[in-house]
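As they're listed, the protein sequences go chains A and B. One point on numbering: in our numbering, the residue at position 110 of the first sequence is 110, and numbering is uninterrupted. Every position in the second sequence, counted from 1, becomes a number in our numbering once 1000 is added.
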Amino acid sequence: MALTFEKTKGLTDVPTHYCPGCTHGIIHRLIAEVIEELGVLDKTIGVAPVGCAVLAYDYFSCDMFEASHGRAPAVATGIKRAKPDSVVFTYQGDGDLAAIGTAEVVHAATRGEKITTVFVNNAIYGMTGGQMAPTTLPGQVTETSPYGRDTQLAGFPIRVSEMISTLEGACYVERVSVDSVKNVLKTKKAIKKAFEYQLAGKGFSMVEVLSTCPTNWGLSPTEAMGWLRENMIPYYSLGVKKDIAGEVK
Amino acid sequence: MGNKVLMKGTEAIGEAAVRADCQCFFGYPITPQTEVAAYMAKKMPKLGRAFVQAESEVAAINMVYGAAGTGVRCMTSSSSPGISLMAEGISYLAGAELPCLIINIVRGGPGLGSIQAAQSDYFQATKGGGHGDYNMPVFAPSSVQEMVDLIQDAFDVADLYRTPSMVMGDGMLGQMMEPVEFREREPRRLPEKDWAATGLLGRTKHNVINSLYLEPEELEQHNTRLQAKYKTIQENETRYELFHCDRENDLILVAYGTTSRICKNVIKAAEKDGIKLGLVRPITLWPFPDQAFEETVTRTKFGYLSVEMSAGQMVEDVRLAVNGRKPIDFYGRTGGMVPHPDDILARVKQMVLEGVSLWH
Ligand SMILES: Cc1ncc(C[n+]2csc(CCOP(=O)(O)OP(=O)(O)O)c2C)c(N)n1
Ligand code: SF4
C-alpha cells in the first residue's frame, strides 16, 4: 500500500498528555516538521519549559533539556555558547516567558543569541490550573482574577512580540495563531523562517503563537478557537513585528 | 613549570579555571569577586572560549546548566547574595547531575550585609541551600596556592561524580596577593560524558537533561541513587589537615579558610603560655571530615573550639562528629569582623585554665 502520511521524525512515539483540543500538540508537530525539513534533526537541541509543555522533552526526538521555570532562554544561551554549531530552540508558555522569565528572554534577545524561541500565548496559566497570566486580557476571568482582570489592580497584558521587536539583537519576530488551517500553515512558515534566521547566524528569533486552553477557559475546543479569534487576535495583532531582512532592504 | 608568580586570589581563580580547561564562564558582577569575571572576560575570547556577562545570577546559573548539559567544563563565580539567587539552579544541577564549578567568595550577611570577608554561608553551602535532598562537594582553601590546586580538583570531582561542586573562600582570600605555582598534574581518569545533550550527531536515542520524575517511585529511586553517590563521595573525597594533632593537646581548634591561618598563629602564641593546641582544618566542608575527630578525640583534654567568621555554623557539624565525647566551644565574629588572635587565645585560656565553655 502506498504511504500517504508519515509522522515527522522530529517527534517520538510517546503519546502526549495534553488535554483534548489543546493546541500545544499542533505546535509541537509544526516545530518537529520544520526541524526535519531543514535537515537539522541531528544537531538540534530543544529546551522545554515549566508549564503544560514540561514533558516536551519526551515528545521531541532531538536532544532535549528541561529548564527551570522561565529560564529556558538562559539555558539555551549556555547550550549555544558551548556548542555554537547546534540549532537551539526554547518552547515556552506565557507565564514561563512573560512573567517569571521576562528578564531571561529580553536579555537573550538583546544579546542576539542565535536561538529560536517558540512562545505559546494562551492567555492563562495552564499547568497550575488557570490562574491569571501576564497575557490575560482585561476583564478575562481566571482563578486569580475571579471578577475579571481589573487593569487598575492587575495591570495590562504584555504584548511580548512588540516589546521584543524593539531590541536590536532580535532579527525576526512574528505573531501567528493556530485557530484555523490557514493560520496553522502560516505558523509553520514563521517557525521555519525563525529557524532559518538562526541557521544563518542572524540573531535571536521568536514566534509568538496564539493558542488555546479549552480546559481552563471552560470552553469546548471549537468554542475556544472562536474565543481566540474574537478576543485575542484583536488585542494581539497577527503579523511580522520585526524582520531585519526587510529592514536592510 | 616550577615558576612561582605573585597573584591576587580572584585572578588566580580565573587562571586556574582556564588551565583546568574551563570552556564557558557565566557570571554577574558582585563584590568581592568581580575580578574573576574581569579576568575571564580578558582571557576566554582569546582562547576561543565563551564568556557571558549574564543579566543576573539566576540567568548565570541557568547558563551553566545549559553548557554543563552539553558536556563541556563550565563555571560561574559569585558572592553570598548571588549564591542565594542561584539556589534553585544549583538544586536543578544536582537533580540533573550536571558537573560544573561554582565559586563563592563569601561576604557578610544577612541581606545586603557587607562586602567584608565572612564564613556565614557555611549552612547554605553544606546543608543544601536549594531545595530537595542533595549535597554538593564544597572545597575550602586557606591560601591562594591551595585555591588554585582545589579548582582543578573541584572540576575533576564534578566530572567524576556528575555533580556541581563549589570552591568557597572569603573576601580576604580573594583580595590577597600570594605567590602561586600552576603545577602540571597527572590528570584523573574521568568517565565519558555519554549522557550529554550535544545534538544527536548520529546517535539514535535522544539524550535528555532533566530533574523531573512525576512518579513517586521513580523519584525515590533517583534519590536513592543520588544518596549512594553522595556516600561514595564521602568515602573517597573527604579532605582535611591535622596540625599539631600528633601529641596530647590541651585543646584542639577547628577552623577552615582564613580563620585556620589565624588559628595556626594562635597555636604558636599559646606555646609561650605552656598551652598545647592542635588544629583540625576541614578542606572539604561537605563531605565534613568526621574522621578527623575520630583520630583526635582521645588526644585533647578539654575538647574542641570551633573558630569561625560566623555566629556558629560549622560548630554544629563538630558537635555531630564528636557526639558528646568531649566538650565543644565556639568562638566567632560576624559581619565582616575577623577574629583577633588575642581574643581567640583569651577564649582558649577560659576553657583550658578555668574550664569555662561559653557556647550554649
Ligand atoms: C519557581 C517556580 N514557580 C512556580 C512554579 C509553578 N508553576 C508551574 S507551571 C506554572 C505556570 C505555567 O504557565 P504557562 O507558562 O502559561 O504555561 P501553560 O501551562 O499555560 O502552557 C507555574 C506558575 C514552578 N514550577 N517553579
Ligand atoms: S491545561 Fe490548557 S494548555 Fe494545558 S494541556 Fe490542558 S488545554 Fe492545554
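C-beta: ideal position from N, C-alpha, C; glycine also.
- By the C-beta density criterion, F1293 (chain B) is buried, having at least 16 other C-beta atoms within 10 angstroms.
- Here DSSP, grouped into helix, strand and coil, assigns M132 (chain A) to coil.
- With distances taken between CA atoms, M206 (chain A) lies nearest to A:S161 out of A:S161, A:N231, A:L219 and A:N183.
- Taking a 10 Å sphere around the C-beta of L1353 (chain B), we find fewer than 16 other C-beta atoms and assign the residue as exposed.
- The C-alpha of Q1124 (chain B) lies about 20 angstroms from the C-alpha of M1337 (chain B).
- Contact residues of the stretch 63-97 of chain A toward chain B are D63, M64, F65, E66, A67, S68, R71, A74, V75, A76, T77, G78, I79, R81, A82, K83 and S86 (C-beta to C-beta distance below 7 angstroms).
- Interface flag for F1243 (chain B) against chain A is unset, since no Cβ pair is found closer than 9 angstroms.
- At a C-beta separation below 7 angstroms, H107 (chain A) has these neighbours in chain B: E1055 and A1059.
- Cβ-Cβ separation between G101 (chain A) and F60 (chain A): approximately 20 angstroms, too far for a contact (criterion under 8 angstroms).
- Within the model, the alpha-carbon separation for G1332 (chain B) versus M1351 (chain B) is close to 15 angstroms.
- For the stretch 1290-1358 of chain B, the continuous alpha helix (DSSP H) assignments of 4+ residues that do not extend past its boundaries occur at 1290-1296, 1314-1322 and 1341-1353, in sequence order.
- In the three-state reduction of the DSSP assignment, R1247 (chain B) falls in the coil class.
- Only residues of its own chain outside the window of five on either side were considered, and among them P1137, V1138, F1139, A1140, E1237, T1238, R1239 and Y1240 have a CB closer than 8 angstroms to the CB of T1284 (chain B), listed in chain order.
- Taking a Cβ-Cβ threshold of 9 angstroms, none of the residues of chain B is close to A53 (chain A); the smallest such distance is about 12 angstroms.
- Cβ contact annotation for A1269 (chain B) (same chain, cutoff 7 angstroms, sequence separation greater than five): P1341 and L1345, in chain order.
- Taking a Cβ-Cβ cut-off of 8 angstroms, Y1213 (chain B) has no neighbours in chain A, whose nearest Cβ is about 11 angstroms from it.
- Look at the stretch 1119-1205 of chain B and you find these whole runs of beta strand (DSSP E), each 3 residues long or longer: 1164-1170 and 1177-1181.
- Interface flag for R111 (chain A) against chain B is set, since a Cβ pair is found closer than 9 angstroms.
- A194 (chain A) is positioned such that its CB atom lies no closer than 9 angstroms to that of T128 (chain A).
- For D1133 (chain B), the closest C-alpha among the options B:G1109, B:I1090 and B:L1173 is that of B:I1090.
- Residue environment analysis places V1254 (chain B) among the buried positions, since at least 16 neighbouring C-beta atoms fall within 10 angstroms of its C-beta.
- Rounded to the nearest whole angstrom, the C-alpha separation of F65 (chain A) and L238 (chain A) is 30 angstroms.
- Within 8 angstroms of the CB of L1201 (chain B), the CB atoms of chain A belong to D42 and K43, in sequence order along the chain.
- Using a C-beta cut-off of 8 angstroms, the stretch 1105-1124 of chain B makes no contact with the stretch 1226-1236 of chain B, since fewer than three inter-stretch Cβ pairs fall below that distance.
- Within chain A, A82 have C-beta atoms less than 7 angstroms from the C-beta of Q1023 (chain B), given in sequence order.
- For P1339 (chain B), the distance from the CB to the nearest heavy atom of ligand 2 is not below 8 angstroms.
- For V1148 (chain B), the closest of B:I1275, B:A1012, B:S1310 and B:E1178 by C-alpha to C-alpha distance is B:A1012.
- Of all alpha-carbon atoms in B:G1071, B:N1265 and B:F1026, the one lying nearest the alpha-carbon of E1097 (chain B) is that of B:G1071.
- Under the DSSP assignment, K1264 (chain B) falls in the alpha helix (DSSP H) whose first and last residues are G1257 to K1272.
- DSSP places V1254 (chain B) in the strand class (E or B) of the three-state scheme.
- Contact with chain A is absent for M1136 (chain B), since none of that chain's Cβ atoms lies less than 9 angstroms from the residue's Cβ.
- Neighbourhood of N1207 (chain B) in chain A, by CB distance below 7 angstroms: D63, in chain order.
- Among the residues of chain A, none has a CB under 8 angstroms from the CB of E1220 (chain B); the nearest is roughly 19 angstroms distant.
- Taking 8 angstroms as the cut-off, the C-beta of N121 (chain A) does not count as close to any heavy atom of ligand 2.
- Using a Cβ distance threshold of 9 angstroms, P20 (chain A) and P221 (chain A) count as a contacting pair.
- Following the DSSP letters along the chain, one finds K1004 (chain B) inside the beta strand (DSSP E) bounded by residues K1004 to K1008.
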